[in-house]
């Protein structure tokens, strides 16, 4: 029998005892709904957790430092000669080399400094950090008001919400997170503030005479002056990024475009000697953050960078444990969700066995007319499959609504407890498709016994049966 | 699916049973429904299988129809030994080689007449757009053109049996098997059905085997009478003068 005819017959048979088949289908729907609701909860929680982690930048970032620096941390000040081969300088060529490694998204130097920002003629001292342009696309800035930098060197700033509040002279209630970013951003966007900073300026000619040093007593091959500068900056965005987040720059409350920050040659509080030493030619960095495509590339990238002669730092074990935890959580949620579907599949068996008893004669007639065992078997399979398909479709919708309701209820509760709202629940497309396929497979498996029983039915006996 | 038309095929055997037995085990006892029947039915014949209830006539018909398998012996139809066919092949045989009508019509109640007649063509995987026309033609031929969209329950017994006949012949079988086709009908309607069957036998040269317990009916329409008792063949005679007016009986035997 052709597939279309089979489907048509199956649907008409299902319609014949509409109530019973509907009830069976509802059973499948409830099963699928519980599965979808459970799994969407698990997936949602996982996404929430990993989003928070991704925003923190902990798990896809390797922090690279020079070994020389470490040596200095150790207190050895006898670093007179050129650097040993195994500890190259963490300078621009090194950064580029790291950036070209496979699976590395970007490698950018961490530039941060504490400086004074004047707004409305009032000085505010805060930590300023350079922000790579690529940060535009990461979730950390999902909640931004205004926009991202227009260019990598644009004289623009993005303020952290708490700092924006400070500029406006707003008082925060400790422990509450009630102020809306949009409210804070509105009076600030487009306004200008002035950054006062100290610029390192190379003193020309002095680097030709190694004996001469200026501010630094170290044996650098160059010298520089520190000049006070002012830079007007336009406020383009206010972010609700958690100030404690590690993405980009920890604890910074004001962000500049990274290239702009580099070009300003701001005096950095970190290891003065390193900066000065390399100042004559290419910039040297105290730390470079390397972002990799996904947490699983952390280890190989880290190993490669170590081989290049740098120190690295990352957190990997934690993600592995986390993933494991969620895999187990999803498994349990899935099992609980599937229980209802298992019960529903017994409903299918029951319905189809009943249908065989009722349609015994009809099966006999079809066989007498020339229907093969396979035709009859396929027909019952098609009926089971149709119930599975319909039940799956309705169930996915139902599960979606249940998940939605749970999420809504939780968020109402969270709001009462003064927590920010969050999505605990996610229904990705693969779950929609997977749940339906699963429903059909379970239904077909449930149809296995009735279908083969119907197929084996002896036509002579079936026709005798009145 | 060759249209078995014309009476030129007369004489070559369509059905041949050889010492065929069908035994059922009922607890300790063995019921011999068919017990060594050897019979030959030739192309174009209208054979009536007569006997009292329990004589085995329906069992024999089921064996010829490929609905049942013999315990021993052979049933050969159009050169196929039915006992050697697989279940799948036997289904194909029922689909294309034989058409059946029953005492209780056996139309599927949830389907319209058109759908009922179309059903065997679904199993035969006949193209959808051809099916509709063929089924309408078949229903027209049995005089049910205006009942096409009706369900069996909306029709009289005679109309149902005519629809069943249309269905039995829709895949152009070689052999029409009828199991007490008039058993549930009043004599007037029964006569109509019998005349329709005879018409198929005459005009299309359709080989017919009919089970009945009414001897008068058999004598009126059949060209050959086969008697069964206790699963055995007890008589086989040509019915030289079936009640025919105008047309010849088509000299058999």
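Chains as they are written, first to last, in the working numbering: chain Y, 570 to 1035; chain X, 566 to 818. For glycine and all other residues, C-beta sits at the position ideal for the given N, C-alpha and C. These numbers come from a predicted model, not from an experiment.
If you drop the 5 nearest sequence neighbours on each side, which residues of the same chain put their C-beta closer than 7 Å to that of residue i?
i, result
"residue 949(Y)", "921, 1016, 1019, 1020, 1023"
"residue 610(X)", "772, 788, 789, 817"
"residue 875(Y)", "881"
"residue 799(X)", "792, 793"
"residue 778(Y)", "At residue 778(Y) the pLDDT is 43, less than 50, meaning the model places this residue with poor confidence and gives no usable figure here."
"residue 598(Y)", "960, 963, 964, 967"
Helix, strand or coil: which one does DSSP assign to residue i?
i, result
"residue 722(Y)", "coil"
"residue 662(Y)", "helix"
"residue 588(X)", "strand"
"residue 610(X)", "coil"
"residue 779(X)", "coil"
"residue 634(Y)", "strand"
"residue 1033(Y)", "helix"
"residue 677(Y)", "strand"
"residue 587(Y)", "helix"
"residue 578(X)", "strand"
"residue 707(X)", "coil"
"residue 771(X)", "coil"
"residue 617(X)", "coil"
"residue 719(X)", "helix"
"residue 920(Y)", "helix"
"residue 809(Y)", "coil"
Within 10 angstroms of the Cβ of residue i, are there 16 or more other Cβ atoms? Answer buried if so, exposed if not.
i, result
"residue 977(Y)", "exposed"
"residue 954(Y)", "buried"
"residue 572(Y)", "exposed"
"residue 732(Y)", "buried"
"residue 584(Y)", "exposed"
"residue 698(X)", "exposed"
"residue 615(X)", "buried"
"residue 665(Y)", "exposed"
"residue 753(Y)", "buried"
"residue 795(Y)", "exposed"
"residue 1006(Y)", "exposed"
Give me, in chain order, the residues of the same chain whose beta-carbon lies closer than 8 Å to that of residue i; leave out the 5 immediate sequence neighbours on both sides.
i, result
"residue 628(X)", "582, 585, 587, 599, 634, 635, 640, 647"
"residue 707(X)", "727, 728, 730, 731, 761"
"residue 1030(Y)", "933"
Note down, in chain order, each residue of its chain lying with its Cβ closer than 6 Å to the Cβ of residue i, except the 5 sequence neighbours on either side.
i, result
"residue 736(Y)", "688"
"residue 797(X)", "600"
"residue 595(X)", "588"
"residue 803(Y)", "725, 761"
Is residue i near residue j, with beta carbons less than 9 Å apart?
i, j, result
"residue 927(Y)", "residue 586(Y)", "yes"
"residue 731(X)", "residue 678(X)", "yes"
"residue 745(X)", "residue 570(Y)", "no"
"residue 910(Y)", "residue 1008(Y)", "yes"
"residue 727(X)", "residue 683(X)", "no"
"residue 660(Y)", "residue 827(Y)", "no"
"residue 1032(Y)", "residue 937(Y)", "yes"
"residue 784(X)", "residue 766(X)", "no"
"residue 635(Y)", "residue 657(Y)", "yes"
"residue 895(Y)", "residue 698(Y)", "no"
"residue 975(Y)", "residue 606(Y)", "yes"
"residue 863(Y)", "residue 713(Y)", "no"
"residue 891(Y)", "residue 611(Y)", "no"
"residue 754(X)", "residue 782(X)", "no"
"residue 604(X)", "residue 664(X)", "no"
"residue 917(Y)", "residue 596(Y)", "yes"
Can you tell me where the beta strand (DSSP E) holding residue i begins and where it ends?
i, result
"residue 880(Y)", "879-882"
"residue 759(X)", "Note, residue 759(X): premise wrong, no beta strand (DSSP E); alpha helix (DSSP H) at 752-768."
"residue 687(Y)", "681-688"
"residue 562(X)", "Nothing about residue 562(X) can be read from this structure; chain X reaches only from 566 to 818."
"residue 805(X)", "Where residue 805(X) is concerned, there is no enclosing beta strand (DSSP E), given that its DSSP letter is neither H nor E."
"residue 570(Y)", "No beta strand (DSSP E) contains residue 570(Y), which DSSP labels as neither H nor E."
"residue 788(X)", "First-last for residue 788(X): undefined, no H or E at that position."
What are the boundary residues of the alpha helix (DSSP H) that includes residue i?
i, result
"residue 751(Y)", "750-754"
"residue 963(Y)", "942-985"
"residue 873(Y)", "867-876"
"residue 687(X)", "678-688"
"residue 732(Y)", "730-736"
"residue 996(Y)", "Here residue 996(Y) belongs to no alpha helix (DSSP H), and DSSP marks it neither H nor E."
"residue 930(Y)", "929-938"
"residue 629(X)", "622-630"
Below 7 Å on C-beta distance, what does residue i contact in chain C?
i, result
"residue 940(Y)", "This model lacks chain C altogether; the protein chains it does include are Y and X."
Indicate, with yes or no, if the ligand MG has a heavy atom lying under 8 Å from the CB of residue i.
i, result
"residue 694(Y)", "Among the components of this structure there are no ligands whatsoever, and the ligand MG is therefore not found."
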